[in-house]
Structures are given as C-alpha cells and as structure tokens.
Amino acid sequence: MVENLYRDTRGRAGDPVPFTQAVVDGLAAGGGLYVPEHIPHFTLDEIVDLASVPYAQRAARVYKAFGVDLPDETVDTLMAAAYGSNFDTEDICPITSLDDKTHVLELWHGPTSAFKDMALQCLPLFFSASAEKLRAQGAIDHTFLILVATSGDTGKAALEGFADKPGVQIGVLYPEGGVSDIQHKQMATQTGDNVMVWAVRGNFDDCQTGVKRTFSDKQFAEELQKVHHVALSSANSINWGRLLPQVVYYVSSYAVLVAQGKVAAGDPIDVCVPTGNFGNILAAWYAKQMGTPIERLLCASNENRVLADFINTGTYDIRDRPFVLTPSPSMDILVSSNLERQLFELTGRDPQAIASWMDDLARERAFRVDPDTFAKLRADFASDSVSSEDCLKTIKDVYDEHSYLLDPHTAVAFEVAQRLRSDNPVLIASTAHWAKFGPNVYRGLHGIAPGEDLPAEVASLTGCQLNRLIVKETDLPFIPAGLASLDEAPLRFTETIDAGEASIEDATRAFLSRNQ
Ligand SMILES: *Cc1c(COP(=O)(O)O)cnc(C)c1O
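Our numbering puts the sequence shown at residues 17 to 532.
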C-alpha cells in the first residue's frame, strides 16, 4: 500500500489526513479543499499497459498509486462494483473518433447518462467503506446523511450512486419547475430504501443557500447526532473522492488511443473539456502530472465566461457578471470551486496565497493572481467561450457532417476545440448523452434560436416523446435504457418544501424518523 496523505488548500485544517477521512469530510475544516501530498508518476509503459486490463482494474491501479488507506483487495472489489454492468458498455467510457485527430470521450454510458456517473458510481462505495473503517477504529459512532442541492445532473447521479449503500442515506433538493421533464422524472422515480427527493419552492440558488445554512446550523447537527446518530455530509464535486475517479479516464483514454493505433505512444494530445466547477478539467491536469502525454488543456465555457476570462487575463471577476441561463445548464456558474485546487498546485502549493485570493473573492467578488502563477496557468491552459447560438449551431453542423449527435455541453467543447486546437489530436470530453437535453437538441437540429418557444405540437410532448421524435427524424438508433421509459415509471417523490433552512430541517427530521 502506497502511503499518501491529504492536506488542505488554505492551510487551516491542521494535520494532513488519510484518503478515508478526506472522503468522509468532503470539505476540509477552515473552508479549504483536500489535495494529495504526493502525485504519483506512471511511466509511459505503465500508462500504455492500462489498455490491457478492464477499466475497473485501471481505476484500481490509479487509486493504489495515489495511496488509498484501504486494503488492495477492497479497492479491487469496489472498483469491480463501480465499473461493471451498471454501465451499458464494457469499455465504460468508449472513444468515438470523428476523424483522425478528433476523438470524443463518451463519459455518459452510466446509469443516469451524464458524466457525473463516472465519479458517483465510485464515490459512494468508497464513502461507505471509509465510514466503515472509521467506525471500526472507534473514530465515529454514527451513520451519514448526504444532502445535495442540484440543478439537475448531480442529484440523479448521487441518488443512483448512494441508493441502498450501507451506513448512509441521501436527500436531494431541486428547484421546483427548474429542471427538465426528464431530469424531474429521473429523480422522482428513484428507487432505494435510503433515498429522499424534495422539490423546493425557489430557484437553484435558493436550494443551495438553504442546504448550506442547514450544514452550518450547529444546533441541528447536535440534534441529528443525538436523536438519529447521523452526521450530515455532502457529495459535491469538491470531494476528493469525486475527483480521483475522473483522473482515471484521462490516463486510461490515452492508453486506449495508443492501443487503437490512433496515437503513437509518447506523442502528445490536447484535451478539451466543457467546464463548470473545474473538476473534470482539473482531473485531466492531474493525469498530465502523472505522466500522461497531454500537452494543452482547453477549457470550454458557455456564455457564463468567468473561467475563459480568468484564463485569458489572470483576473477572476464576478462583480458585474450576470448569471446567464444557457442550453448547457451544468456549466452555468459564477464561482468555480475546484479552481482553488488548481491554483494551489500552480503556486507550488502556497496556502497563504490561496487563502488570500479566496478571501478577496468572498469580500470583493474578484481576485487577481500574480504574474508567475498566471504564466504557469497559460503554459497548461487555453480557453474560449461559446454563445448559446453557436452551441446550437454546432449540434447541427456536427450532426450534418458526422451523423453524430452532441449534447449542448459537448457542443460547447467541440466548438472551442475547433477554435483552439493545434496539430495535436484532440480528445473532447463528452459529458452527457444528448437525450438528457432533448428540447435544445431539437432547437439545434431545426434552427430554432436558444430560448425561443418550440412549435406547440413539440412543446406539448413529454421529454421521452420528444426524444423518440428526434430519433425518428435523425435515424439515430439509441436512447439509453434509463431515459427511455421514464414516462411509465411510478413517481415516488412528490413533496414540495420551502427553501428556508427551517423547512429543510423539518423535512430532514421527518425523513430520518420515517426511515429509522
Ligand atoms: C457537471 C457537468 C459539467 C461540468 O463539469 P465540471 O467538472 O463541473 O467542470 C459539464 N457537462 C455536464 C453535462 C455536467 O453534468
């Protein structure tokens, strides 16, 4: 077992902790994020050899190299469960090549058809195993309740991942009327004895604020401990246990491209990622640090272009920035939380610099990095943003040229890859199956402007019916099983609550009492 510990980016959490503690904590004390003390290195041979074993074993190799304080056999067993028949292909995340140098990494073959499955089929298993280890050590004597505020994709992926896992329950809150028909049905039909879903009166921000306030209510935490022997935890993308599974597919994909004869071993590739919270692209950066021949990381933004501006200027500024609703809602962000880890690494791990920038961001809603850090950022990253109009146009162009349908998030990345690519082959991270975003895919294919109403006979269709119409019109063969029959599945969860923490806390108490 390789030893490794995790320290926090702001230097406020005290002594570094092992993997299991970092996973159960999520956020470090003092507000920082956990990062590994050592980044392991794979030789080119070790990377290329990954293609000779199943995906689950590739993941196990990467985990063991990073130093996970669980027995090797446990890691093997959990990975076999995380990446098995729950995905619709043995390749787990296959690569579709549109031409010699344009490769699409399909990260949506998991149960909820979004790339969040790549992490959330894995994290819950390691979360349960970590909690089990801490209980056996006598470090804790409680179980966990994961609370998630979601704008759509994360909630379903977390529900699916945590359903029926031992020692943990999960409650998901989404804005009522603020998610698509498909996303609503995906969540409201979730099975499992340890799951709960609430619609919240308000928008996503109200949801998130309510959940954050619930997390910081110390009295409520004490009550949950005393009455229910439960501690609250989160499963959002700042958890290291969600980031590490994402490193795996970048290392693995390079090996696959070499095995398929599409890239000569050792030749560089560029990677282009549709970015929101900066988790996915940060994972590609860690893969590069591990030795994967990735030259440049192309960060794709939609009209919420705070990251593109930051990467091009060195100033992160949300002072006068409107929050724009786009066809790629999972990239609609202002504060990109995993950027903190990236900056920590680029400063040569300077917690004072990070703490002061994050304080600037909280107080002045802006910060500027020093010239040295900016130069390092520019050496690894390039970035651009894509208008909603160009995003929908890209869906149509790529379909016309390649008979391949992109979801709006992947379309943003595809367009940025065209603008910024070098002579290197480019690997484009495809983060959702198109059928999760049928209405905007339909707009793209029919040249209807973003935000414009669909024709009445289309607008009246359910999400599933609309997807079937798109399949009929395009002759594309497949809608993922998890999305195809949502209209027939019984709605289990229909409760609506207020967004205030009092209402969330009452709902939580009721759920825990019912489920005791
Ligand atoms: C979450 C998500 C993203 C953004 O990923 P980050 O890791 O937050 O940058 C992009 N596309 C889809 C479909 C997503 O669900």
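Just so you know, even glycine gets a beta-carbon here, dropped at the ideal spot from N, CA and C.
All values derive from a computational prediction rather than experimental measurement.
Check	Outcome
Under the assumption that residue 299 contacts residue 428 (Cβ atoms under 8 angstroms), give the Cβ distance between them as a whole number of angstroms.	Actually they do not touch by this definition, with Cβ atoms about 18 angstroms apart.
Since residue 109 sits in a beta bridge, which residues does DSSP pair it with?	Per DSSP, none; premise fails for residue 109.
Report the option in 214, 284, 506 and 471 whose CA atom is closest to the CA atom of residue 396.	284
In whole angstroms, what separates the C-alpha of residue 422 from that of residue 377?	34 angstroms
Using a Cβ-based criterion (distance less than 7 angstroms to any ligand heavy atom), does residue 367 qualify as near ligand 1?	no
Report yes if the C-beta of residue 290 is less than 7 angstroms from at least one heavy atom of ligand 2; otherwise report no.	Summarising the ligand content, the structure contains ligand 1 and does not contain ligand 2.
So for residue 214, helix, strand or coil by DSSP?	strand
Say yes only if the C-beta of residue 347 is nearer than 7 angstroms to one or more non-hydrogen atoms of ligand 1, and no if none qualify.	yes
Return yes when at least one heavy atom of ligand 1 lies under 7 angstroms from the C-beta of residue 194, else no.	no
Where does residue 459 fall in DSSP's three states?	helix
For residue 326, which three-state DSSP category applies?	helix
Could you spell out where the beta strand (DSSP E) holding residue 23 opens and where it closes?	22-24
Identify which residue in 379, 336, 345 and 389 has its Cα closest to the Cα of residue 358.	389
Pick from 36, 201, 263 and 75: whose alpha carbon is nearest that of residue 156?	36
In this structure, how does DSSP classify residue 31 when only helix, strand and coil are distinguished?	coil
Taking 8 angstroms as the threshold (C-beta atoms), are residue 503 and residue 478 in contact?	yes
Checking 8 angstroms against the spacing of the C-beta atoms, do residue 444 and residue 433 come in under that value?	yes
Candidates 526, 517 and 529: which alpha carbon is nearest residue 235's?	517
Can you give the Cα-Cα distance for residue 261 and residue 381, rounded to whole angstroms?	31 angstroms
Take residue 293 and list the residues in its own chain whose beta-carbon comes closer than 7 angstroms to its own, dropping the five residues that flank it on each side.	253, 349, 352, 353 and 354
Mind checking whether the beta-carbon of residue 119 lies closer than 7 angstroms to any heavy atom of ligand 1?	no
If we ignore side chains and look at the alpha-carbon of each, how far apart do residue 403 and residue 326 end up?	17 angstroms
Less than 8 angstroms separating the beta-carbons of residue 246 and residue 21?	no
If you count every other CB in all the chains shown that lies within 10 Å of the CB of residue 31, and 16 or more means buried, which is it?	exposed
Within the chosen definition, does the region 484-502 reach the region 199-213 through at least 3 CB pairs nearer than 8 angstroms?	yes
Pick out the complete alpha helix (DSSP H) segments inside the region 248-315, 4 residues or longer, and give them in chain order.	256-275 and 295-305
Alpha carbon to alpha carbon, how far is residue 69 from residue 125? Give it in angstroms, no decimals.	19 angstroms
How is residue 520 classed by DSSP in three states: helix, strand or coil?	helix
Report the residue from 49, 77, 383 and 73 whose alpha carbon sits nearest the alpha carbon of residue 57.	77
Take every Cβ of the region 137-153, pair it with every Cβ of the region 467-483, and state whether three or more of those distances are shorter than 8 angstroms.	no
Which two residues bound the contiguous alpha helix (DSSP H) that contains residue 185?	Segment 184-191 is the beta strand (DSSP E) holding residue 185; no alpha helix (DSSP H) there.
Going by the C-beta, is residue 448 closer than 7 angstroms to any heavy atom of ligand 1?	yes
Nearest-angstrom Cα distance between residue 492 and residue 136?	28 angstroms
Tell me whether residue 122 sits in a helix, a strand or coil according to DSSP, three-state version.	strand
Report buried or exposed for residue 515, applying the criterion of at least 16 other Cβ atoms within 10 angstroms of its Cβ.	buried
Output the residue ranges of the beta strand (DSSP E) runs that lie fully inside the region 196-243 and measure 3 residues or longer, sorted by chain position.	211-217
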